[in-house]
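Remarks on the structure that follows.
There are 2 protein chains.
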Amino acid sequence: MGERSTRERILDEALDLFLEKGFDNASLRELAERMGFTKAALYYHFPSKSDILMGLHLRMHSLIDEPLKLLDDDDGPVSLDAYEAFLNACLERMQANEKLFALHRANQAAMSKLQVHNEGHDGGHQELEERARKLFSEPSFSTEQRLRMVAAFAVAFVTPVMASNLFSDGGQENTVVAACLGDVMHQVLRPGETPQ
Amino acid sequence: MGERSTRERILDEALDLFLEKGFDNASLRELAERMGFTKAALYYHFPSKSDILMGLHLRMHSLIDEPLKLLDDDDGPVSLDAYEAFLNACLERMQANEKLFALHRANQAAMSKLQVHNEGHDGGHQELEERARKLFSEPSFSTEQRLRMVAAFAVAFVTPVMASNLFSDGGQENTVVAACLGDVMHQVLRPGETPQ
DNA sequence: GTCTATATTTCGATAGAC
DNA sequence: GTCTATCGAAATATAGAC
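Those protein sequences? They're chains A and B, same order as listed. Note that this note's numbering numbers the first sequence so that position 126 is 164, with each residue one more than the last. Note that this note's numbering numbers the second sequence so that position 140 is 178, with each residue one more than the last.
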């Protein structure tokens, strides 16, 4: 049952390596060494180095695919409630896949270069960015409200990995963190509910 | 008056180039081309490529040097008020130097490799990280309070550049953004002041 | 699926003239 | 302070045997 394909094991190892050295400074030679075979063998499983990164990007893509639906099946513009539910869903999945998101953050420059070589389905990075740009430009929200939506986004996507990196005492309970950040995001998104 | 030294103009151009392509994928050849001279000339001004990045890092370092003092001249552990003042001061300086912070974020992997080659004064990156780790491990705060401090940090340091990248209508007034995010951070830092 | 080569390219860096 | 020319290293990628 614990049998992962070689391809998946390469991605696992690549995730660790890319996190340690950064994508650009990690060499396929070292990745191959860690896998126990040679560089050329990697090219049997992946056509290029950036395809390995793309493989990891797709893993993350599939993680937020479902939460993303929470923003979809509204007919009108997105509601604050839907957005909050989306962020909470992301938070949960991030905690279970912290390294994947950390990679994405630390190697944003490399991620941005992932292009669409195929036809319709891209899996690229700029697709998500375009979507975010549209979301945060929703004219039915005030400027302040939109700023708050971005702030909540920042809390959801960067706080968890920062916290686990910076707290000297190991990781806190995931449920505790999620609950607390859920409160924070709720507060951030709804300015009216605070006293004066 | 508008006379910047060649060294400074190289740093200006490097900031733009590194932002576009990422530090690792930007070549000194292209940087030299943009400057209007050759690669070798760069080596007259900087001993190595990473020294150019270090130059940009030092620019940012000098920006937060003064806000950092707000955390220093307390005798006891840091107060929430001092921390909030620090974040607000950073926010202000970030807005005036957005690109510098964006570079730092997008090339975190490369920044982490900036080492200390000299003696006492480093200007390295891990110095700040160590400081942050210490701050967020302050035992006089509860776990939730510390989490909130990290969240406020995320709001201060990532929201402004995200906002100016994602809002389709150009940049909002800096003062408006700063005021709004100041409110948000205040809210985030002080859980007690909200109704249930 | 993995191996041993090797091709190819690109880049950082140096030497020395002007 | 900027140039030409070149070195040497390292990395991606390919060809073809097993």
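Positions of the beta carbon are idealized from the N, C-alpha and C atoms, including for glycine.
In this structure, the alpha-carbon of A/GLY60 lies about 7 Å from that of A/ASN145. Interface residue (Cβ-Cβ distance to chain A less than 9 Å): B/ASN63 is classified as such.
Note on the region 108 to 147 of chain A: whole alpha helix (DSSP H) runs with a minimum of 4 residues are 118 to 134, 136 to 144, in chain order. At a Cβ-Cβ threshold of 9 Å, A/ALA194 and A/MET132 count as neighbours. Contact annotation: B/MET223 and A/PHE191 have beta-carbon atoms that are not nearer than 9 Å.
Of all residues in the region 173 to 200 of chain B, those with a C-beta nearer than 8 Å to a C-beta of chain A are PHE174, SER175, THR181, GLU182, ARG184, LEU185, ARG186, VAL188, ALA189, PHE191, ALA192, VAL193, VAL196, THR197, MET200, reading in chain order.
Counting only the Cα atoms, A/LEU66 lies some 9 Å from A/THR76.
DSSP places A/ASP221 in the uninterrupted alpha helix (DSSP H) bounded by 212 to 227. Any Cβ of chain B closer than 9 Å to the Cβ of A/PRO229 would place that residue at the interface, and such an atom is present. CA-CA distance, A/LEU101 to B/ARG47, rounds to 43 Å.
Excluding five sequence positions before and after B/GLU51, the CB atoms of its chain that fall closer than 8 Å to its own CB belong to LEU69, ARG72, MET73, given in chain order.
For A/PHE124, the closest Cβ of chain B is not nearer than 9 Å. Within 10 angstroms of the beta-carbon of B/ALA147 lie 16 or more other beta-carbons, which makes it buried.
Its Cα nearest to that of B/PHE179, the residue B/PRO229 stands out among B/ILE90, B/PRO229, B/ALA79. B/LEU109 is the residue among B/LEU109, B/TYR82, B/ARG42 whose C-alpha sits nearest the C-alpha of B/ALA170. Neighbours of A/GLY60 in chain B, taken as residues whose beta carbon is under 7 Å from its own, are ALA147, ALA148 in chain order.
A/LYS151 places its beta carbon less than 9 Å from that of A/SER88. In the DSSP assignment, A/GLU51 falls within the alpha helix (DSSP H) that extends over 44 to 59. B/PHE84 sits in coil when the DSSP states are folded into three classes, being neither helix nor strand.
Between B/LEU173 and A/SER175, the CB-CB gap reaches or exceeds 9 Å. DSSP places A/PRO177 outside both helix and strand once states are collapsed to three, so it counts as coil. Counted as a single uninterrupted DSSP element, the alpha helix (DSSP H) harbouring B/GLU68 occupies residues 66 to 73.
Against chain B, a Cβ distance below 7 Å from A/ALA144 picks out GLN146, ALA147.
Of all residues in the region 207 to 221 of chain B, only ASP207, GLN210, VAL214, VAL215, CYS218, LEU219, ASP221 place a beta-carbon less than 8 Å from a beta-carbon of chain A. DSSP places B/SER206 outside both helix and strand once states are collapsed to three, so it counts as coil. A straight line joining the alpha-carbon of B/GLN183 with that of B/TYR82 spans about 50 Å.
Residues of chain A with a Cβ closer than 7 Å to the Cβ of B/ALA170 are, in chain order, LEU204. Between B/LYS137 and B/LEU57, the C-beta gap is smaller than 9 Å, which places the two residues in contact.
Taking all protein chains shown into account, B/LEU96 has fewer than 16 neighbouring C-beta atoms within 10 Å of its C-beta and is therefore exposed.
For B/ARG186, the closest of A/MET187, A/GLY93, A/GLY114, A/CYS218 by C-alpha to C-alpha distance is A/CYS218. Residue state for B/THR76 is assigned as coil, using DSSP reduced to three classes. At a C-beta separation below 9 Å, B/GLN225 has these neighbours in chain A: VAL222, GLN225, VAL226, PRO229, THR232.
Proximity of A/GLU167 to chain B, defined by a Cβ-Cβ separation below 9 Å, is satisfied. Under the three-state reduction of DSSP output, B/LEU101 falls in the helix class.
Between B/PRO105 and B/PHE84, the beta carbon gap of about 28 Å keeps them out of contact (Cβ cut-off 8 Å).
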